[in-house]
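The next block holds one structure in the form of structure tokens; read it before the comments.
Residue numbers (the numbering used here): 3 to 237.
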């Protein structure tokens, strides 16, 4: 976990480095401060206060129900905004609008569209690999599949919707990290693909998945317990 050090002159260092560089460098404003918790937001000197994103919720993910409870609050309150979930090895972004999931993005390899297509049985791995060899720079996989005739646009939309649902269900399972729910400024860049997926059923599916995973962890408390194939044994 990245640690910050603030000296008496309010100079900030990152993990012992002289100052914050790269993605961390820049000017910030204090959004929230209570006790030992301080939430800051990067600001652009050219922005007016009403042009900045507004942070409605932020906090630490500390167990298997944190993200589920946060999304439940967003859905029941019918808030419109963007939820960022930062796990140990992932950054997932969920866009909500008045009780629906509008879009979802993820940088986790298992959330990519090609993985979703293979898991759903739409394409086999060998066929998908051969198709992806012909992808052009800046071309999206979905566009290539439609262009080559492997998917119709209606089928592509169905697959993208499935990908969005899977990203949210995976986000619910994040047990360690942090989250931020933001109401973007009016000049937000619209996502490439949007949907209108009601949250009620998604939340039920997410709760069921979280319960199954909790049961599995009770049966397999450590990574040392692994199933092994036994010859001539039928289940």
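All residues carry an ideal CB built from backbone N, CA and C; glycine is no exception.
- The residues 92, 93, in chain order, have a CB closer than 7 Å to that of residue 109 in the same chain once the five nearest residues on each side in sequence are set aside.
- Taking every protein chain shown into account, the CB of residue 208 has 16 or more other CB atoms within 10 angstroms, so this residue is buried.
- For the set 193, 187, 195, 214, the Cα lying nearest the Cα of residue 54 is the one of 187.
- C-alpha of residue 73 to C-alpha of residue 196: approximately 18 Å in a straight line.
- Unbroken beta strand (DSSP E) runs of no fewer than 3 residues, entirely contained in the segment 151 to 203, are found at 179 to 185, following chain order.
- Here DSSP, grouped into helix, strand and coil, assigns residue 79 to helix.
- In this structure, the beta-carbon distance from residue 201 to residue 101 falls below 9 Å.
- For residue 129, the enclosing alpha helix (DSSP H) begins and ends at 127 to 134.
- Per DSSP, the unbroken alpha helix (DSSP H) holding residue 144 starts and ends at 143 to 149.
- In this structure, residue 68 sits away from residue 77, with a CB-CB distance that is not shorter than 9 Å.
- Between residue 31 and residue 95, the alpha-carbon positions lie close to 23 Å from each other.
- Annotation for residue 198: 102 place their beta carbon closer than 6 Å to its own, counting only its chain and skipping 5 residues before and after.
- When DSSP reads this structure, residue 32 sits in a beta bridge with 42.
- The C-beta separation of residue 119 from residue 133 comes to about 10 Å, leaving the pair out of contact by the 8 Å criterion.
- In the three-state reduction of the DSSP assignment, residue 60 falls in the strand class.
- Under DSSP, residue 89 takes part in a beta bridge, and its partners are 179.
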